Structure formats: structure tokens, C-alpha cells
Amino acid sequence: MSTWLTDTLGIEVPLVQAPMARVSEGVMAAAVSAAGGLGMVGVGPTASREWVHEQARTAGGAGAPYGLGFMAWALERDPRPLEAALETDTALVSVSFGAFEEPLRRAKAAGKLVTTQVGNVAEARRAEQAGVDLVVARGREAGGHGRDEVSTLPLLQLVRAAADVPVVAAGGIANADGLAAVLAGGAVGAWVGTAFLCCRESVFPAAARQRLIAADDTATVYGRVFDVAQRAPWPREYGGRALRNRFFDEWVGHEDELEADTEALARYDAAAREGDFDVAVVYAGQGAALLTEETAAADVVASFARAGTVTPG
Ligand SMILES: Cc1cc2nc3c(=O)[nH]c(=O)nc-3n(C[C@H](O)[C@H](O)[C@H](O)COP(=O)(O)O)c2cc1C
4 MSTWLTDTLG IEVPLVQAPM ARVSEGVMAA AVSAAGGLGM VGVGPTASRE WVHEQARTAG
64 GAGAPYGLGF MAWALERDPR PLEAALETDT ALVSVSFGAF EEPLRRAKAA GKLVTTQVGN
124 VAEARRAEQA GVDLVVARGR EAGGHGRDEV STLPLLQLVR AAADVPVVAA GGIANADGLA
184 AVLAGGAVGA WVGTAFLCCR ESVFPAAARQ RLIAADDTAT VYGRVFDVAQ RAPWPREYGG
244 RALRNRFFDE WVGHEDELEA DTEALARYDA AAREGDFDVA VVYAGQGAAL LTEETAAADV
304 VASFARAGTV TPG
């Protein structure tokens, strides 16, 4: 399959494994890139320069291109992880969720391809103005953080109409049918997180993977409960999509009370340490319902590559 994305990055499958902090590190990115997609390392808000260098070395170990993904609000507090990234040979830098303009300008000046995930048309226009090489149209079905405003299919059409840059679609794209659908809709590729959550190369706990395998189509919820529980200073417009659990049901609508409840916060911390996912978060998108088993990242990439043979129903 050849698209602007495969030609520009020199990859075989128009598939980006989305950056996922605490899930996709160098080992996972290397496995995806070796299999013909673009693997990305998710850089979290507390990452050090050394960690970025180490993960980049591992990701690049496959001898194939890879990417590094950042949160804009975290770089405002500490820009050093991005500075470290610009010293690596990463092909793609993504900076999303907040003031992405300045970090992307710096990454572009350092010769990197740059992108950001957008959740509405105004954000897509900002991305185009900032000079992104490609824009990720991320619908509300997606796992992890982002806007809960527009779904993937309308967003793809809207962003294609509004911005004159290549568009990669994200949110709920979980197999070859999904990839074929967005390619038919004019996307140059798909940006996929949830479908990689049960890969053995991820650093996701086994108990969390089991929850995902058991998840059905209505298993995810969107909100700020887990951000408050984790004392994570996400801007309010970027809530998270995750598996619904007991803790979410207890606190949804009472986020301000949770913030002040030291006993409940301590209970959350203990559950996160112990891997008790009735309380602790498992970020995932609506595509989680399609996860059926633990697998290898290369098998996930190969299954998406079959998009080239999907015929319209
Ligand atoms: C567990 C998890 C962690 C994520 N962490 C990040 C992150 O660190 N940085 C980022 O830009 N996006 C992050 N995302 C969002 C993804 O980049 C992407 O938008 C999303 O996974 C696409 O939708 P899908 O999950 O339906 O495939 C995360 C998503 C998940 C599921």
C-alpha cells in the first residue's frame, strides 16, 4: 500500500502506532517499525532526558524509522524531554494537547517531520498555521486523552475540507476494515493506539490486558475522574477515555470532592500500585471490544496490512 505517509516516512503499511505513555516504549516502537508500520514512544510528563535518549536508541534499534510523542502541557512545565528528542534520529515528533506551536516549530527547525492530534476544526486550522507536515484527526472514540467533541468519520471529512495538509485518522480504528475505511475517506494512514494494547511488547500490566480482552462495545467512558485521582494537571478540555470501573462510577460528577478527599486519593494510589483495576485506570478506546488475545506487535501490523485486500461490502 502506497500513500503520502508510506512514501514520506519510507514505511510499508500506512499505520502509525500511536504514542502511549506508560504503554509504548522503545521495545514496542521497534517491533512495530520492524514490521513495516511506524512505531512511536509515548513520552510521559515526568520523563527525563536520559530516558528519552534510551528509549529512542531502543526504538531505532530496528534500523527503521520511529517517532516520539509528547504532551504539550507537560513541555510547558519542562521542555527538556523535547530537547533530548531533537538530539535523536527520530523521524517524527508529535506534540499534542495544549500549546503545541512553539515545540513543533523547534522540532521542525531541527529537521523533524512534525504533527499534532486535533479534535476539532479550529484545532486543525491552528495545526496548519503552525506548519505541521501532517495532522492527526482524532475522533472522540479514541483511547486515552483528547477532546470529546467530534467523532472520527465526521472529523476526517471536516479536517480534509478545512486544512490543506495530509490527514491521518485516529479514534476507533482497530483492524484492516477500519484502516481501509479511512483510506477510502482520503486519510493517508491511521494512527492507532487501542489495537496495540494487548501486545506483549507493551509495558501494560497483564491484568490490564485481561480487562481489555473482556471489554465489550460499551465498556469505555470519558471523563476527568482518573486525572483528578492521579493529580495529573491535564487541561480540562482534554479528558480521558478508559474502561469504566467501580471507582469511575463512584466519583463521576463529584470530581471536585475527589480532589479534596485524601482518603480516596490514597486508596487510588494503593490500587494503582497493586494493579487493582476496579479502581485504577485502564485507558482504552471503543475499539477495545475487538481485542481478543495477547499478541505480538508484528501480528497486529500484519493484520492491518490486509487493508489493501479489503473489498467494499
Ligand atoms: C493507553 C493510552 C495511552 C495514551 N497515551 C498518549 C500519550 O502519551 N501521548 C499522546 O499523544 N497520545 C496518547 N494516547 C492517545 C493516542 O495517541 C491516540 O490518540 C489514540 O490511541 C487513538 O485512538 P484508538 O485508541 O481508538 O486507536 C494514548 C492512548 C491510549 C489508549
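First residue of the sequence shown: 4, per this note's numbering; consecutive thereafter. We put the beta carbon where it would ideally sit given N, CA and C, even for glycine. These numbers were taken from a predicted model, which means no experiment stands behind them.
What are the uninterrupted segments assigned as alpha helix (DSSP H) that are 4 or more residues long and contained completely in the region 226-275, given in chain order? 228-232, 249-254 and 258-263
How about V26: is its Cβ closer than 7 angstroms to a heavy atom in ligand 3? Ligand 3 is absent from the structure shown, which contains only ligand 1.
Does the distance between the C-beta of E144 and the nearest non-hydrogen atom of ligand 1 fall short of 7 angstroms? yes
Between which two residues does the beta strand (DSSP E) carrying R141 extend? L137 to R141
Should P22 and S97 be called a contact, given that it needs their Cβ atoms to be closer than 8 angstroms? yes
Could you please give the first and the last residue of the uninterrupted beta strand (DSSP E) stretch that includes S99? L95 to S99
For V19 and V195, which I take to be in contact (beta-carbon distance under 8 angstroms), what is that distance rounded to the nearest angstrom? 7 angstroms
Is there at least one non-hydrogen atom of ligand 1 closer than 7 angstroms to the beta-carbon of H56? no
Should R364 be labelled buried (16 or more other beta-carbon atoms within 10 Å of its own) or exposed? This structure cannot speak to residue 364, because the chain is shown only from 4 to 316.
Taking one C-beta from the region 31-48 and one from the region 63-81 each time, how about it: are there three or more such pairs within less than 8 angstroms? yes
For M4, name the three-state secondary structure that DSSP assigns. coil
Does the distance from the CB of G181 to the CB of A190 come in under 8 angstroms? no
Under 8 angstroms Cβ to Cβ from R227, same chain only, skipping five residues before and after it: list those, please. W237, R239, G242, G243 and E258
What's the call for E90, buried or exposed, on a 16-neighbour Cβ count within 10 Å? exposed
Any idea if P17 is buried or exposed, counting beta-carbon neighbours within 10 angstroms, 16 or more meaning buried? buried
Work out the CA separation of G147 and Y286 for me, nearest whole Å. 5 angstroms
Just to confirm the assignment, what range does the beta strand (DSSP E) spanning L159 have? Counting along the chain, L159 falls outside any beta strand (DSSP E), though it belongs to the alpha helix (DSSP H) covering T155 to A165.
Quick check on the DSSP output: the beta strand (DSSP E) that includes M43 runs from which residue to which? G42 to G45
Enclosing alpha helix (DSSP H) for M31 [first to last residue]: G29 to A37
Taking 8 angstroms as the limit between beta carbons, can you name the residues of its chain near R270, skipping five residues before and five after? V282
For T93, verify whether its CB is less than 7 angstroms away from any heavy atom of ligand 1. no
Would you tell me roughly how many angstroms separate the C-alpha atoms of A164 and A88, rounded to the nearest one? 32 angstroms
Length of the line joining the Cα atoms of Q213 and D10: 37 angstroms
Considering only the alpha carbon of each residue, which of G29, F73 and A94 lies closest to A102? F73
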